[in-house]
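A.B. asks: One structure follows; several queries about it will come next.
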Amino acid sequence: MTSISVPDHPPLTASSSDLFALTKPRVMSLVVFTGLCGLLAAPVAVNPVLGFAAVLCIALGAGAAGALNQWYEADLDLAMKRTANRPLPAGRMSRQTALHFGVGLSVFSVVLMDVAANHLAAAILALSILFYVLVYTVWLKRRTAQNIVIGGAAGAFPPVIGWAAATGDLSTMPLLLFAIIFLWTPPHFWALSLFVKSDYANAGIPMLPVVAGVTTTRRHILLYTLPMIAAALAPWAMGLAGWLYGFASIALNAMFLLLALAVLANRAIEPAAMKPEKRLFAFSILYLFMLFGALVADRWLVA
Amino acid sequence: MTRQDPGSEQDLVRKRQRDRARLMALLLGAFVVLMFAITIAKMSINR
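Chains as they are written, first to last, in our numbering: chain S, 1 to 303; chain L, 1001 to 1047.
Written out as structure tokens, the structure is:
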């Protein structure tokens, strides 16, 4: 664990923009999108107002989890270039404000989800926030190189919540959507951690490249890409999605596999020479957007 | 963070409090509208 301490002199009232930054809006966009896709892929018609409220709750829940993550990790954020300018490490907000904001937003999002959708969706939303904060942030992240593997479950909940909000129950399809994001998370984050390895090492976070080296990490990226591909093809192979999803899934997964193989073939140690890793990281974001987009398009345009 | 003189710091605190109060008012208004819309939607489903 790092010994760097967070400045403890933020006397000013936190600004609205810093409160917004505390919710990790960029991460939230992917969470909202996958949650919306889970809701739209469900085989029922959802009232637009209730659908909007459910997606809003997913966004607020994700924002709350992000705020609590930043509250707990302010010392780590200060040690990394990428995160040093966040409101807490930069000293623009007190930790107490962040804690109150995160807890308040968590409770609000879960209660509103219960009112707007159903108990199941609210319960999974609560579980996802607790999982991200307690299991990933507090327990795993500083302790094990498997932090991303198990912690990836936290980011895999949104489509399940969306589906549960629409239907009130769970079935094979939302579990497959969960599996896709769960298995996608390690290659996505390990590609990133390869070229920002020194940042993680400085902060004392035991990411795989720091603990096991770049070669092992590159092998693990491919190792997790294979079951991810199987999970991504499963909805089509099992007849739960149509040809449009099947076509998109085959094309996107073929591309993902090629990029993962390029990462495996790369021998570079310096971040500047890690173009395949940067390409895989960038493509992995596009991959998830397009795969889930194809699922919704398949449900609404083809089915 | 560098310390400013007390007068300007006080002004900055007041400005931020005003901004947040305005935002909170907007959010509360949006919340009331949302709750109203949710109620109407639930009533129409249960009808």
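From the three backbone atoms N, C-alpha and C, an ideal C-beta is built for every residue, glycine too. Keep in mind the model is a prediction, meaning the values are calculated, not measured.
Quick one: Cα of threonine 144 of chain S to Cα of valine 211 of chain S, how far?
C.D. replies: 9 Å
A.B. asks: Please decide whether valine 1013 of chain L counts as near chain S, where near means a Cβ-Cβ distance under 8 Å.
C.D. replies: yes
A.B. asks: Output yes or no for whether 8 Å exceeds the beta carbon distance between alanine 42 of chain S and alanine 234 of chain S.
C.D. replies: No, these two residues do not count as a Cβ contact at 8 Å.
A.B. asks: Are the C-beta atoms of valine 27 of chain S and some chain L residue less than 8 Å apart?
C.D. replies: no
A.B. asks: Would you call the CB atoms of glycine 162 of chain S and alanine 54 of chain S closer than 8 Å?
C.D. replies: yes
A.B. asks: Taking Cβ positions only, does serine 16 of chain S come closer than 8 Å to chain L?
C.D. replies: yes
A.B. asks: Is leucine 295 of chain S closer than 8 Å to cysteine 37 of chain S when the C-beta atoms are compared?
C.D. replies: Cysteine 37 of chain S places its beta carbon less than 8 Å from that of leucine 295 of chain S.
A.B. asks: Apply the 10 Å Cβ neighbour rule to alanine 45 of chain S and answer buried if 16 or more other Cβ atoms are within range, or exposed otherwise.
C.D. replies: By the 10 Å Cβ count, alanine 45 of chain S comes out exposed.
A.B. asks: Would you call the region 92-106 of chain S and the region 75-83 of chain S touching, i.e. three or more CB-CB distances under 8 Å?
C.D. replies: no
A.B. asks: If we define contact as Cβ-Cβ less than 8 Å, is asparagine 47 of chain S a contact residue for chain L?
C.D. replies: yes
A.B. asks: For alanine 21 of chain S, does the count of other Cβ atoms within 10 angstroms reach 16, so buried, or fall short, so exposed?
C.D. replies: buried
A.B. asks: What does a CB cutoff of less than 8 Å around leucine 127 of chain S pick up in its chain, not counting 5 residues either side in sequence?
C.D. replies: Phe157
A.B. asks: What is the C-beta distance between phenylalanine 283 of chain S and methionine 255 of chain S, in whole angstroms, given that I count them as a contact (C-beta under 8 Å)?
C.D. replies: 7 Å
A.B. asks: Counting only beta-carbon separations shorter than 8 Å, does valine 115 of chain S have a partner in chain L?
C.D. replies: yes
A.B. asks: Are three or more beta carbon pairs between the region 184-193 of chain S and the region 264-283 of chain S nearer than 8 Å?
C.D. replies: Here the region 184-193 of chain S lies against the region 264-283 of chain S, with 3 or more beta-carbon pairs under 8 Å apart.
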